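Sequential numbering from 427 applies to the sequence shown in this note's numbering. In what follows, a single structure is set out as structure tokens and then discussed.
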Amino acid sequence: KSFYKKNFSDFSIVHVATHAFSDSIYTDNVGIVFDADKTDSLNNGFLSLSEIASLNANGIKMVFLSACNTGFGNLTYGEGPNSLAYSFLYAGAKSVVMTQWKIPDETTPDIVIEFYRNLKKGQRKSEALRNAKLTYLDNQEDPLKRHPYYWAGFVLIGDDSPIVFTSERKYDRLIFWMISIVTLLIMIQLVRRKGWIKQLK
């Protein structure tokens, strides 16, 4: 939990795959569990709604909450559910992928992995999520696991624009500079060669 709070704002995508608690009445019981064994009230393993709301998430393009009931919370007039997803938006995150119920562990990885593959292809977040669900259904032979419970729980809220991954941008810049340097070296060699030709003449 301490590491998470300290390094939270250093990333453009934050993926949380852990346990979470929700409560429609008491917001103190809503939060993300990092370590269930710690009971110290000041430095426990439970990240509460208020702690999430106090984080600096202004530079974060997407928070993916792969935990149960992250879109569920106490209904506040004029605001909607006071949920984990809402707290991350309040902290400044541009978008959040949340869950509407207790998601099944056995099928969730298939959808999540395909979702990130689609993001890498440049798809919009909602498009990437939709296509991940369609791929899951296309590949699922068990008719029982085609029930919406297994694949429809994830929902995107907030900004829907595509994500350009930082590593890809760095890679593209590296290729650009390598091509530029090679081109410059070739031009220098051509200029020198022309000079040599003139000297021979």
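Each residue gets a CB set at the ideal place from its N, CA and C atoms; glycine is no exception. The structure presented is a predicted model; accordingly, all values stated were derived computationally and were not measured.
task: Tell me whether R595 is buried or exposed, calling it buried when 16 or more other Cβ atoms sit within 10 Å of its Cβ.
output: By one-based count along the sequence shown, residue 595 stands at place 169. Unreliable positioning characterises R595 in this predicted model, as indicated by a pLDDT of 49, which lies under 50. A coordinate reading is not provided.
task: Give the range of the beta strand (DSSP E) segment to which S521 is assigned.
output: For the purposes of this step, residue 521 is identified with residue 95 of the sequence shown, where counting begins at 1. Run containing S521: 521–525, per the beta strand (DSSP E) assignment.
message: So, under 8 Å CB-CB, G497 and V581 are touching, yes? Tell me the CB distance rounded to an integer number of Å.
response: One-based indexing of the sequence shown puts residue 497 at position 71. One-based indexing of the sequence shown puts residue 581 at position 155. In this structure, G497 and V581 form a Cβ contact; the two beta carbons are roughly 6 Å apart against a cut-off of 8 Å.
message: Pull the bridge partners of D535 from the DSSP assignment, please.
response: To locate residue 535, count along the sequence shown from 1; it is residue 109. First, the residue type needs correcting, since residue 535 is Pro and not Asp in the sequence shown. For P535, which the question treats as bridged, DSSP gives no partner whatsoever.
task: In the DSSP assignment, find the alpha helix (DSSP H) that holds I478 and state where it starts and stops.
output: If you number the sequence shown from 1, residue 478 lands on position 52. Looking at the DSSP string, the run of the alpha helix (DSSP H) that includes I478 is 475–479.
message: Measuring only the C-alpha atoms, how far is F541 from N433?
response: The sequence position of residue 541 within the sequence shown is 115, counting from 1. The sequence position of residue 433 within the sequence shown is 7, counting from 1. For F541 and N433, the distance between alpha carbons rounds to 24 Å.
- request: Starting from S492, follow the beta strand (DSSP E) in both directions and report where the run begins and ends.
  value: Mapped onto the sequence shown, residue 492 falls at position 66. From DSSP, the beta strand (DSSP E) with S492 extends over 488–492.
query: Within 10 angstroms of its Cβ, does K559 collect 16 or more other Cβ (buried), or is it exposed?
result: Locating residue 559 in the sequence shown gives position 133, counting from the first residue. K559 comes out buried.
- prompt: Cβ of I478 within 9 Å of Cβ of G457?
  reply: Position 52 of the sequence shown, counted from the first residue, corresponds to residue 478. Position 31 of the sequence shown, counted from the first residue, corresponds to residue 457. Contact flag set, yes.
field: Reduced DSSP category for R595 - H, G, I as helix; E, B as strand; rest coil
entry: Indexing the sequence shown from 1 puts residue 595 at position 169. Note on R595: pLDDT 49, under 50, position unreliable in the model; no value is reported.
DSSP-derived helix/strand/coil call for I439: For the purposes of this step, residue 439 is taken as the residue at position 13 of the sequence shown. If DSSP states are grouped into helix, strand and coil, I439 belongs with the strands.
field: Cβ shell of V442 (< 8 Å), same chain only, five flanking positions each side left out
entry: Sequence index remark: in the sequence shown, residue 442 carries index 16 (1-based). Closer than 8 Å at the Cβ level, and outside the excluded window around V442, lie I458, V489, F490, L491, S492, A493.
- prompt: Would the beta-carbon of L510 fall within 9 Å of that of A554?
  reply: Locating residue 510 in the sequence shown gives position 84, counting from the first residue. Locating residue 554 in the sequence shown gives position 128, counting from the first residue. Not in contact: L510 and A554 (Cβ atoms no closer than 9 Å).
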